[in-house]
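Positions 216 to 314 (the working numbering) are the ones given, in order, by the sequence shown. Cβ atoms here follow ideal geometry from the backbone N, Cα and C, with glycine treated the same way. Since the structure is predicted, the reported quantities are computational estimates derived from the model, not experimental observations. For reference, the structure is listed below as structure tokens.
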Amino acid sequence: MTHDFDPQTRRAVLAHMNTDHAADNVLIARAFGPDAAVATAEMTGFDGDAGEWSVGVEGGALRVPWLGGAITERHEVRREIVALYDEACRRLGVTPRPH
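The structure is reproduced here in structure tokens:
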């Protein structure tokens, strides 16, 4: 059974990703979604198995499994999002910024 994070953790992570890392959301959506030209993406949720994004003007759903496998701890969320960002940069030929 997948782990569900508490509402406070979800709100904090989503606010951070959508405010401070909006461009990272787009990179992840381009690399892992069906449309490499997508211009907008917002992180809408996550659980122990994957992160979720609303992509493009139509708001299509994108669910991307964590690269390191299932997680249960808040600090693991950051690690897995950073891993998705780094892999997105690799796939798209973008130089990742330091973490």
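DSSP puts P280 in a beta bridge; with which residues?
Beta-bridge pairing links P280 to A265.
Please classify E295 as buried or exposed, where buried requires at least 16 other C-beta atoms within 10 Å of its C-beta.
Of the residues assessed, E295 falls on the buried side of the cut-off, its CB having 16 or more other CB atoms within 10 angstroms.
Please state whether the Cβ-Cβ distance between D262 and T217 is less than 8 Å.
Yes, they are a contact pair.
Which of helix, strand or coil does DSSP assign to A256?
Three-state result, A256: strand.
Burial state of V228, where buried means 16 or more other Cβ atoms lie within 10 Å:
Flag for V228 reads buried.
Taking C-alpha atoms, which residue in Y300, R312 and P311 lies nearest to A246?
Shortest Cα-Cα distance from A246 to any of Y300, R312 and P311 involves Y300.
Span of the alpha helix (DSSP H) holding D235?
Per DSSP, the continuous alpha helix (DSSP H) segment holding D235 begins and ends at P222 to D235.
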